[in-house]
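Trainee:
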Ligand SMILES: [Zn+2]
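In this note's numbering, the protein residues as written are 10 to 343.
#1: Under the rule that 16 or more other beta-carbon atoms within 10 Å means buried, what is residue 234, buried or exposed?
#2: Here's the rule: buried if 16 or more other CB atoms are within 10 angstroms of the residue's CB, otherwise exposed. What is residue 325?
#3: Run the Cβ filter for me: residues under 5 Å from any heavy atom of ligand 1, listed in the order they occur in the chain.
#4: Which ranges would you report for the beta strand (DSSP E) in the region 224 to 273 if only whole runs of at least 3 residues count?
#5: When the Cα atoms are used, what is the spatial distance from residue 122 to residue 242?
#6: If the criterion is Cβ atoms closer than 7 Å, does the pair residue 104 and residue 137 meet it?
#7: What number of angstroms, rounded off, separates the C-alpha of residue 23 from the C-alpha of residue 15?
#8: In whole angstroms, what separates the C-alpha of residue 29 from that of residue 125?
#9: Any idea if residue 52 is buried or exposed, counting beta-carbon neighbours within 10 angstroms, 16 or more meaning buried?
#10: For the beta strand (DSSP E) holding residue 313, just list the boundary residues, first then last.
#11: With DSSP as the reference, identify every bridge partner of residue 320, one or two as the case may be.
#12: Let me check understanding here. Comparing Cα to Cα, which of 54, 160, 182, 48 lies closest to residue 79?
#13: For residue 63, report the span of its beta strand (DSSP E) as first-last.
#14: Three Cβ pairs or more, each shorter than 8 Å: is that satisfied between the region 315 to 330 and the region 146 to 155?
#15: Comparing C-alpha positions only, which one of 306, 171, 302, 311 sits nearest to residue 248?
#16: Let me know the secondary structure DSSP gives residue 134 once reduced to three states.
#17: Taking all protein chains shown into account, decide if residue 261 is buried (16 or more other Cβ within 10 angstroms of its Cβ) or exposed.
#18: Taking the C-alpha atoms as reference points, what is the distance between residue 72 and residue 118?
#19: Can you give me the Cβ contacts of residue 97 inside the same chain, cut-off strictly under 6 Å, excluding the 5 residues immediately before and after it?
#20: Would you call the CB atoms of residue 218 and residue 191 closer than 7 Å?
#21: Suppose you measure from the CA of residue 331 to the CA of residue 297; what does that come to, to the nearest Å?
#22: According to the Cβ coordinates, are residue 108 and residue 64 closer than 7 Å?
#23: Compare the Cα-Cα distances from residue 50 to each of 66, 37, 33 and report the closest residue.
#24: How many angstroms separate the CA atom of residue 38 from the CA atom of residue 31?
#25: Compare the C-alpha of residue 164 against each of 153, 183, 203, 184 and name the closest.
#26: Alpha carbon to alpha carbon, how far is residue 182 from residue 111? Give it in angstroms, no decimals.
#27: Which residue spans inside the region 24 to 77 form an unbroken beta strand (DSSP E) run of at least 3?
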């Protein structure tokens with residue numbers, strides 16, 4: 010029986026088992042990369058790969074975010090399989106951002122591995138929750154892998170965001186939500202749109218990623234900051250979704266005449282959309298996260314029911330400790 014070896018490389022991993030070598034969210038010359046999604050911390054070194062396996066939406070999200078794809082892409086949609094000598098690879102929905110995947114590996118020798126990348130076990134306005142699949146080995150993110158990170162119900166967070174939007178607009182101000190340009194910005198736009206608010210996109214990249222979402226089933230109708238429509242919305246009442254307050258302020262100065270720009274800048278009310286706002290009273294915002302919270306991570310791990318769990322990202326050591334208390338053999342990958 011071969012031994013599974015996992016080595017950290019950049020922010021991803023290189024997995025060796027028998028004669029199979031796979032790069033997970035990183036790249037190794039001459040080898041296959043399993044790419045989970047298009048966030049920057051999962052892309053380091055993928056240009057070195059012989060081929061990159063990902064969904065079509067992930068490929069499009071990369072292009073939308075300005076990446077030059079110089080590597081051969083093999084599209085593997087959710088619930089489809091591919092393989093190479095010694096292993097069958099299945100892509101599974103990760104519920105994190107558009108096209109995000111987990112990978113289930115079934116080795117010929119019998120061992121099975123589930124690699125989650127970043128994942129969310131909660132349904133959202135634009136993503137379907139990740140579902141666990143049984144495996145002998147679980148390689149899981151642990152971003153919020155500590156008991157203080159338990160988020161309120163999604164519905165509750167949505168209600169709070171919509172109430173804040175309404176109150177801010179009624180006060181003559183412009184609620185401006187900061188969210189990652191891939192994933193949370195689109196969730197925020199979908200929510201605000203559903204709540205009946207006009208939405209202006211504060212960054213070009215958000216607009217480009219929205220087009221990817223719309224090609225894959227969403228119906229996002231935000232207006233770009235420079236458009237006539239957006240200028241009217243900023244006058245009459247709207248929300249802005251932005252990945253960077255700094256860039257949005259710059260864009261407002263670039264696209265509006267100076268009198269209007271001064272007026273709009275003076276009316277912006279900032280809110281951060283991030284799970285981390287839960288533990289940071291200096292940030293005004295809402296704990297909207299694209300990751301599973303502690304309870305979600307734990308429930309997911311129990312349902313995968315692995316013999317061993319490898320944990321990565323921020324709270325890997327702490328989460329491993331909790332998993333050990335639950336009776337799992339757990340190891341932080343740091
Ligand atoms: Zn991510």
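Even glycine gets a Cβ: it sits at the ideal position worked out from N, Cα and C. Being a predicted model, the structure only gives us computed values, none of them experimental.
Mentor: With the given structure in hand:
#1: buried
#2: buried
#3: 48, 127
#4: 248 to 251
#5: 50 Å
#6: yes
#7: 6 Å
#8: 19 Å
#9: buried
#10: Residue 313 -> not in any beta strand (DSSP E); alpha helix (DSSP H) instead, spanning 303 to 313.
#11: 149, 341
#12: 54
#13: 60 to 63
#14: yes
#15: 171
#16: coil
#17: buried
#18: 37 Å
#19: 90, 115
#20: yes
#21: 24 Å
#22: yes
#23: 33
#24: 11 Å
#25: 203
#26: 41 Å
#27: 29 to 33, 41 to 43, 60 to 63
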